[in-house]
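Q: First residue of the sequence shown? That's 597 in our numbering, and the numbers climb one at a time after it.
No residue lacks a Cβ here, since even glycine has one placed at the ideal position from N, Cα and C.
Since the structure is predicted, the reported quantities are computational estimates derived from the model, not experimental observations.
Shown below is the structure under consideration.
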Amino acid sequence: MSTPLIKPRRDAWDQWIGPSTLISQVHNTAPFLKPRMGAAEPGRLIELGDTPDGFQRILASWENILGPGLSPEEQLQDYFALCLACHHATVATFVPTDVDTKIRGIVWRESRDPEVLRPMLRFALGSRAWTENGISARGVRGVSGHNGEQWSAIAGGLGRMLELGDTVSAEEAQAAIETEIDREQAVFDEAAGETGAELDLLRLAMTLAHNHGDLTQGMGYWKHTPLTTPMMEHLSERGRFTLAVRMYQQTGLSAEGHRHYPLRPVKALRHSPATLLPLSPFLDDWGSVVAHLEESHEVLAALVGGCQKLEGQQGYYRAIAGIRAASGAFDRAAARMPSATQRLLRDSELRKLIDVPRMSFESMMRKRARAALAMFRGKI
597 MSTPLIKPRR DAWDQWIGPS TLISQVHNTA PFLKPRMGAA EPGRLIELGD
647 TPDGFQRILA SWENILGPGL SPEEQLQDYF ALCLACHHAT VATFVPTDVD
697 TKIRGIVWRE SRDPEVLRPM LRFALGSRAW TENGISARGV RGVSGHNGEQ
747 WSAIAGGLGR MLELGDTVSA EEAQAAIETE IDREQAVFDE AAGETGAELD
797 LLRLAMTLAH NHGDLTQGMG YWKHTPLTTP MMEHLSERGR FTLAVRMYQQ
847 TGLSAEGHRH YPLRPVKALR HSPATLLPLS PFLDDWGSVV AHLEESHEVL
897 AALVGGCQKL EGQQGYYRAI AGIRAASGAF DRAAARMPSA TQRLLRDSEL
947 RKLIDVPRMS FESMMRKRAR AALAMFRGKI
């Protein structure tokens, strides 16, 4: 008699990107994190995130998810925790891990059991306390794009809990999102009322506009029901950030983008948190930093190429101006670039833009901020 075939166990993540691949992607885009992770700890990943360095503890202990004793539901929870930790660690680096759809919708929809989903929601809420030190250069006055990423994951849980009838958990998620909306709006309003804070105001406008988009995307996975549809409309109105979004559009900031594909191939930019990219277009200081890299010619070539590809952006011109301000660095880097890129660098229009003094550029941006405030403030 033949022995019946036994199907191998299917892991909860089989249809998605596997844990080992996720970790390799983190190490590829942020190799400087590895020495900071510390030793692996025993236990469930979803239970390791309750400290400011919780995401690093999870990354250090990622192999725990491979343990044979985990049920499919526990695997799902730990996979969610790993995805959130990887996303937090890399979203402000040059090559973020591509798990947005998992933490905002797909993983939430893998279970209909609130007992399985509640720990995931608690985990997402707790991730708001994770530090951004050494993984982002994009925070301004305590507000950053990480905040939008966090509430997009919380929004995924909110919609699912409403759909399943767990109104208590949904109310907790809603309160967290609305508290964060109010906090970010208050920081923006404070900067808008300060003399000389125009550049911070522009950075905040960009951040709030992107965070608004993250909230919208987080709700994009919701199934429309009599409970979810009114909530979606309510949060869409509460999180509009109307003045910030209009300033973002009116002042030219929307042309800057935030993905920075032209810089992704330059691996030298990934080695240290010192070269993490701040909010564009204010990249003069960053240009001065990368000017001292051994591979500065690769960075300069990528910036020149980006100027050709990204219409309307100003940040790459400012970064080139920053490299140029470092004594001798610009000429050395330019001489090591390919001949075709050197020709692009001699383009009269490009030269005109990088010749603009930093003070003049920032003065222009301050004027744009004040003009946008005057134009829209009384109309909202």
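Taking the CB atoms as reference points, tell me whether L797 and A787 lie closer together than 7 angstroms.
A: In the sequence shown, residue 797 corresponds to position 201, counting from 1. In the sequence shown, residue 787 corresponds to position 191, counting from 1. In this structure, A787 lies closer than 7 angstroms to L797 by Cβ.
Q: On the CB-based measure, 16 or more other CB atoms within 10 Å of its CB, does E711 come out buried or exposed?
A: Taking the sequence shown and counting its residues from 1, the one referred to as residue 711 is at position 115. Its Cβ having fewer than 16 others within 10 Å, E711 is exposed.
Q: Leaving out the 5 sequence neighbours to the left and right, which residues in its chain are closer than 7 angstroms to R966 when beta-carbon positions are compared?
A: One-based indexing of the sequence shown puts residue 966 at position 370. The residues are E794.
Q: Among R964, E852 and S944, whose alpha-carbon lies nearest the alpha-carbon of Q910?
A: If you number the sequence shown from 1, residue 910 lands on position 314. It is E852.
Q: Using a threshold of 7 angstroms, state whether the C-beta atoms of A681 and L721 are closer than that.
A: The residue you call residue 681 lines up with position 85 of the sequence shown. The residue you call residue 721 lines up with position 125 of the sequence shown. Not in contact: A681 and L721 (Cβ atoms no closer than 7 angstroms).
Q: Which residues in the same chain as L872 place their Cβ atom closer than 6 angstroms to its Cβ, once the five residues preceding and following it in sequence are excluded?
A: As a first step, residue 872 is located in the sequence shown; it is residue number 276 there, counting from the start. If we look at L872 and ignore the five residues flanking it on each side, its Cβ neighbours are A733.
Q: If you follow the alpha helix (DSSP H) that G755 is in, where does it begin and where does it stop?
A: Here residue 755 refers to the residue found at position 159 when the sequence shown is read from its first residue. Residues G741 to L760.
Q: Just verifying my parser: in three-state terms, what is the DSSP assignment at V885?
A: Stepping through the sequence shown from its first residue, residue 885 is reached at position 289. Note: V885 maps to helix in three-state DSSP.
Q: Going by alpha carbons, who is nearest to K630 out of G665, I619 and A870?
A: Translated into the one-based positions of the sequence shown, residue 630 becomes position 34. Nearest C-alpha to K630: I619.
Q: Span of the alpha helix (DSSP H) holding I642?
A: Taking the sequence shown and counting its residues from 1, one reaches residue 642 at position 46. Here I642 belongs to no alpha helix (DSSP H), and DSSP marks it neither H nor E.
Q: Would you mind sorting P692 into buried or exposed? The rule is 16 or more other CB atoms within 10 Å of its CB.
A: The sequence position of residue 692 within the sequence shown is 96, counting from 1. The residue in question, P692, is buried, as its Cβ has 16 or more Cβ neighbours within 10 Å.
Q: Quick one: give me the first and last residue of the alpha helix (DSSP H) that M843 is part of.
A: Start at 1 with the first residue of the sequence shown, and residue 843 comes out as number 247. Run containing M843: T838 to Q846, per the alpha helix (DSSP H) assignment.
Q: Given 6 angstroms as the limit, tell me if E833 has its C-beta closer than that to any heavy atom belonging to the ligand COA.
A: The model on display carries no ligand, and the ligand COA is accordingly not part of it.
Q: Just the Cα atoms here: how many angstroms apart are R756 and R705?
A: Within the sequence shown, numbered from 1, the residue matching residue 756 stands at position 160. Within the sequence shown, numbered from 1, the residue matching residue 705 stands at position 109. C-alpha separation (whole angstroms): 7 angstroms.
Q: Expressed to the nearest angstrom, what Euclidean distance is found between the alpha-carbon atoms of R973 and G741?
A: Start at 1 with the first residue of the sequence shown, and residue 973 comes out as number 377. Start at 1 with the first residue of the sequence shown, and residue 741 comes out as number 145. For R973 and G741, the distance between alpha carbons rounds to 24 angstroms.
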